[in-house]
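For the sequence shown, UniProt numbering assigns the number 145 to the last residue and increments by one with no breaks.
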Amino acid sequence: MAQQVQQIPQRQGQPGAVPPPPAQDSAPPPERIANPVAQFSGLDKVTGRIFAFDVKIDETVQFGALQVTPRVCFTRPPTEQPETIAFVEVDEITLQNETKRIFAGWMFADSPGLNAVEHPIYDVWVTDCKGGAKVDAPEGPKLGE
Numbered sequence: 001m002a003q004q005v006q007q008i009p010q011r012q013g014q015p016g017a018v019p020p021p022p023a024q025d026s027a028p029p030p031e032r033i034a035n036p037v038a039q040f041s042g043l044d045k046v047t048g049r050i051f052a053f054d055v056k057i058d059e060t061v062q063f064g065a066l067q068v069t070p071r072v073c074f075t076r077p078p079t080e081q082p083e084t085i086a087f088v089e090v091d092e093i094t095l096q097n098e099t100k101r102i103f104a105g106w107m108f109a110d111s112p113g114l115n116a117v118e119h120p121i122y123d124v125w126v127t128d129c130k131g132g133a134k135v136d137a138p139e140g141p142k143l144g145e
């Protein structure tokens, strides 16, 4: 069975002309600020209470049966559109006292339902980062190299 090929008409005066690629935004990527502390909210579905807690980067805090460990927490400078993202690992401590990884990924403060930790008893989501003042810029060559 032969496939039919549809001919695209050419513009007059431009034989074989190819349309230009879509315009690309040549603006540099937005700067991001690495923060030493991630702020979370956690919902205990049994009691219906919401708890707010702070966790230092690469440290672990236990919330109920969950252990929450942020690896990075980035915000944008005040001159940019606000955005808070964090890479978080969440482990569950089972009744047999075993640790089971239930989440490892990016959380977005402006879309908490997008990548929140959903557990039968607990929900956890990032709300903000704090303590960062230094812009995390890509490293370039060092002097003398």
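A virtual CB, placed ideally from N, CA and C, is assigned to each residue, including glycine.
Per DSSP, reduced to three states, the secondary structure at K130 is strand. Annotation: L114 to V68 spans about 18 Å, alpha carbon to alpha carbon. Going by beta carbons, C73 and A86 fall inside the 7 Å limit. Counting only residues of its own chain and dropping the five nearest sequence neighbours on each side, F51 has a CB closer than 6 Å to the CB of G42.
With a 10 Å radius around the Cβ and a threshold of 16 neighbouring Cβ atoms, P70 comes out buried. Minimum Cα-Cα distance from D110 among the listed residues D123, K45, D54 and T127 corresponds to T127.
In the DSSP assignment, Q67 falls within the beta strand (DSSP E) that extends over L66 to T75. Put simply, of K130, P77 and Y122 the residue whose alpha carbon is nearest the alpha carbon of G48 is Y122. Between I33 and T75, the gap from beta carbon to beta carbon is short of 7 Å. DSSP lists no bridge partner for T60.
Between the C-alpha atoms of E98 and E92 there is a straight-line separation of about 8 Å. If you draw a 10 Å sphere on the C-beta of W106, you find fewer than 16 other C-beta atoms in it, and that means exposed.
Judged by DSSP in its simplified three-state form, G42 adopts strand. Taking each of C129, K130, P120 and G131 in turn and checking the Cα distance to D44, the smallest one comes out for P120.
Listed in chain order, the non-local C-beta contacts of V90 below 8 Å within the same chain comprise L66, Q67, V68, T69, R101, I102, F103, A104, V117 and V124, local neighbours out to five positions each way being set aside.
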